[in-house]
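In what follows, a structure is listed as structure tokens, so that the remarks can point back to it.
There are 2 protein chains.
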Amino acid sequence: MLVNIAIVDDKASNRSIIKDKLLRHKIFEVSLIAENGKDFLDKMKVLPPDKVPSVVLMDLEMPEMDGVDAVAAGSYLYPTVKFVMLTIFDDEEKIFKAIKAGAFGYLLKDESAENIAETLEQMHENGVGPISPGIAHKILQLVQNNTVSLIQKHIPEKDKTPFNLTEREQEILKLLVQGLQYKEIGSRLQISPNTAKKHVLNIYSKLHVNSKTQALALAYEKGLI
Amino acid sequence: MLVNIAIVDDKASNRSIIKDKLLRHKIFEVSLIAENGKDFLDKMKVLPPDKVPSVVLMDLEMPEMDGVDAVAAGSYLYPTVKFVMLTIFDDEEKIFKAIKAGAFGYLLKDESAENIAETLEQMHENGVGPISPGIAHKILQLVQNNTVSLIQKHIPEKDKTPFNLTEREQEILKLLVQGLQYKEIGSRLQISPNTAKKHVLNIYSKLHVNSKTQALALAYEKGLI
DNA sequence: CGGCCAATAATCCATTTGGATAAGAAGGTA
DNA sequence: TACCTTCTTATCCAAATGGATTATTGGCCG
Chain A
0 MLVNIAIVDD KASNRSIIKD KLLRHKIFEV SLIAENGKDF LDKMKVLPPD KVPSVVLMDL
60 EMPEMDGVDA VAAGSYLYPT VKFVMLTIFD DEEKIFKAIK AGAFGYLLKD ESAENIAETL
120 EQMHENGVGP ISPGIAHKIL QLVQNNTVSL IQKHIPEKDK TPFNLTEREQ EILKLLVQGL
180 QYKEIGSRLQ ISPNTAKKHV LNIYSKLHVN SKTQALALAY EKGLI
Chain B
0 MLVNIAIVDD KASNRSIIKD KLLRHKIFEV SLIAENGKDF LDKMKVLPPD KVPSVVLMDL
60 EMPEMDGVDA VAAGSYLYPT VKFVMLTIFD DEEKIFKAIK AGAFGYLLKD ESAENIAETL
120 EQMHENGVGP ISPGIAHKIL QLVQNNTVSL IQKHIPEKDK TPFNLTEREQ EILKLLVQGL
180 QYKEIGSRLQ ISPNTAKKHV LNIYSKLHVN SKTQALALAY EKGLI
């Protein structure tokens, strides 16, 4: 039986190289190609069930929506899909965040370009998430150096708002997760309930969800709060 | 130049198998053999400086003093020595503890018995701690499941149902926090959406809330999930 | 046996929410 | 200035939710 794979990368050359590698193995079918996280989620929504990928190869660095956010939303919306990140070596923070967000495996771009198909085949056989040795070593060190301190340490560097939420939207999200309804949010922030609602709906579209409960689930699971 | 290796294992057969594998590569010298953690530390004390191993292959399960304690003490006493653990697959807690204690690498016993020497050679070249894919995958999951929770999880071992929720209600609560709506809950559990709704409303009254979002907020805050 | 509770299911109705769409005001930027 | 984004507000409509109530079934307990 064919195994559906999705490729998400902003560089066209990468996409075609990976695709070529995969298609050389007859068990793989590339059923979705996207050029960033948002594009991927959008395309997933309209994908026929038999095309839903079992594995998503996702670049970490992408415009519009990066791999971290995409894996966070994606692993919530499609729990059965396995996300394997493709990355360069030195982005420690993103590596860590993507793991927390639900990445299933982690491959170094250069290291695995050659044998990416073989790696996926192995993964398909034994169900173990593929991890490049270098990354594994890094993860081990992260755990050794007590994980938690590392999470904190990196926060002050950059505070890119997750999912490109605006400040106002984050403010609203905070109230949302407290279980408030539009009216209440409105009066807390001294704005019309209609406005509150508008903000909430905007948040939905950024998170690619469509209800309060889904937004809460995602926010809690991925630690947006 | 020769690379000194130490082997620590309580089974004589393992010791000799590993030793044989290593000696086939002429760059390796086995300068210390011990049968448990205590034995290893004792022998390290009286070892001439030129025999001090660069790498210690250490079994996890051993009598007298196990691999965890040995690596904890050893990595403190001999910071330059690299400890590579040899283990069976399922001892999650020990795997984790050994990492925290300072293990440099982690190999599955069976998986690596064949190519242990090659693995060490690679490690010697690129300085990256060797980790079997299965272990790497497990570590990744540990990080995903928030590391810290595993450390503490073992202390409180109570399973009193919170808020007097019935089993069915807890089942429903679990689906609720995933962001499902009545219809979806109903079809998941093979019951009518009306019944699902009824259960949810019953949950509300037990939790003293009156909306899904409030229920979620409470469930997450109090860790009912 | 009678009573109690959990689980199941349904109905009615008011409120809330989600989705689409439009549009004005304030701010920054090319 | 023209343009873009964010924040603001609004309206219409369909769908989902919350609240109240009633009813049947099957276990369990005294």
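Chains as they are written, first to last, in numbering that gives the first Met the number 0: chain A, 0 to 224; chain B, 0 to 224. No residue lacks a Cβ here, since even glycine has one placed at the ideal position from N, Cα and C. Just so you know, these numbers come straight off a predicted model, no measurement behind them.
Is K42/A near A33/A, with beta carbons less than 7 Å apart?
Yes, they are a contact pair.
Of the listed residues S210/B, L119/B, L215/B, nearest to Q177/B (C-alpha basis)
Between Q177/B and the set S210/B, L119/B, L215/B, the nearest pair of CA atoms involves L215/B.
Using the Cα positions of Q213/B and I190/B, report the straight-line distance between them to the nearest angstrom.
Looking at the backbone, the Cα of Q213/B and that of I190/B are separated by about 24 Å.
Is L31/A buried or exposed, if buried means 16 or more other CB atoms sit within 10 Å of its CB?
So L31/A counts as buried.
Distance, L106/B Cα to N13/B Cα
Here the alpha carbons of L106/B and N13/B stand approximately 14 Å from one another.
Runs of 3 residues minimum, wholly inside the stretch 13 to 37 of chain B: which ones carry the beta strand (DSSP E) assignment?
Fully enclosed beta strand (DSSP E) runs of 3 or longer: 27 to 33.
Tell me where the beta strand (DSSP E) around F162/A begins and ends.
For F162/A, no beta strand (DSSP E) encloses it, and the DSSP letter there is neither H nor E.
Closest to E117/B by C-alpha separation, out of K173/B, I17/B, L59/B, would be which residue?
When each option's Cα is compared against that of E117/B, the closest is I17/B.
Members of the stretch 202 to 218 of chain B near chain A, C-beta cut-off 8 Å
Answer in chain order: V208, S210, K211, T212, Q213, A214, L215, A216, L217.
So, for K157/B: in the same chain, excluding its five sequence neighbours on each side, which residues have a beta-carbon less than 6 Å away from its beta-carbon?
A caution first: K157/B carries a pLDDT of 39, below 50, which makes its placement in the model unreliable, though a value can still be read off. Counting only Cβ-Cβ distances below 6 Å, and skipping sequence neighbours, we find nothing.
I'd like to know if V51/A contacts chain B, where contact means its C-beta is closer than 7 Å to some C-beta of that chain.
No, its Cβ sits nowhere closer than 7 Å to a Cβ of chain B.
Cutoff 7 Å; reference Y203/A; Cβ partners in own chain excluding five residues on either side:
Hits under 7 Å: N209, A214.
Please name the residues in the stretch 169 to 184 of chain A whose beta-carbon is closer than 8 Å to at least one beta-carbon of chain B, in chain order.
Listed by position, the residues of the stretch 169 to 184 of chain A near chain B (Cβ gap below 8 Å) are L175, V176, Q177, G178, L179, Q180.
Going by C-alpha distance, which of K182/A, K196/A, P161/A, Q180/A is nearest K205/A?
Considering only alpha carbons, the answer is P161/A.
Along the chain, which unbroken stretches of the beta strand (DSSP E) at least 3 residues long are found entirely within the stretch 78 to 127 of chain A?
You should have 81 to 86, 104 to 107.
Which two residues bound the contiguous beta strand (DSSP E) that contains I4/A?
Judged by DSSP secondary structure, I4/A falls within the beta strand (DSSP E) whose first and last residues are 2 to 7.
Leaving aside the five residues before and after Y219/A along the sequence, list all residues of the same chain whose C-beta is less than 6 Å from its C-beta, in chain order.
No residues qualify anywhere along the chain.
DSSP state of H70/A mapped onto helix, strand, coil:
According to the sequence as given, residue 70/A is Val; it is not His. Here V70/A carries a helix assignment [DSSP, helix/strand/coil].
Is H198/A closer than 7 Å to E168/A when the C-beta atoms are compared?
Yes, the pair counts as a contact, with Cβ atoms nearer than the cut-off.
Report all residues from its chain with a CB closer than 6 Å to the CB of I26/A; omit the five preceding and five following residues, and keep chain order.
Excluding sequence positions up to five before and after I26/A, its CB lies within less than 6 Å of the CB of V2, all in the same chain and listed in chain order.
Along the alpha helix (DSSP H) that carries L56/A, what are the first and last residues, could you check?
No alpha helix (DSSP H) contains L56/A, which is instead part of the beta strand (DSSP E) from 54 to 58.
Any beta carbon of chain A sitting closer than 7 Å to that of D8/B?
Judged by the 7 Å Cβ criterion, D8/B is not in contact with chain A.
What does the alpha-carbon distance come out to for the pair Q140/A and I87/B?
Roughly 21 Å separates the two Cα atoms.
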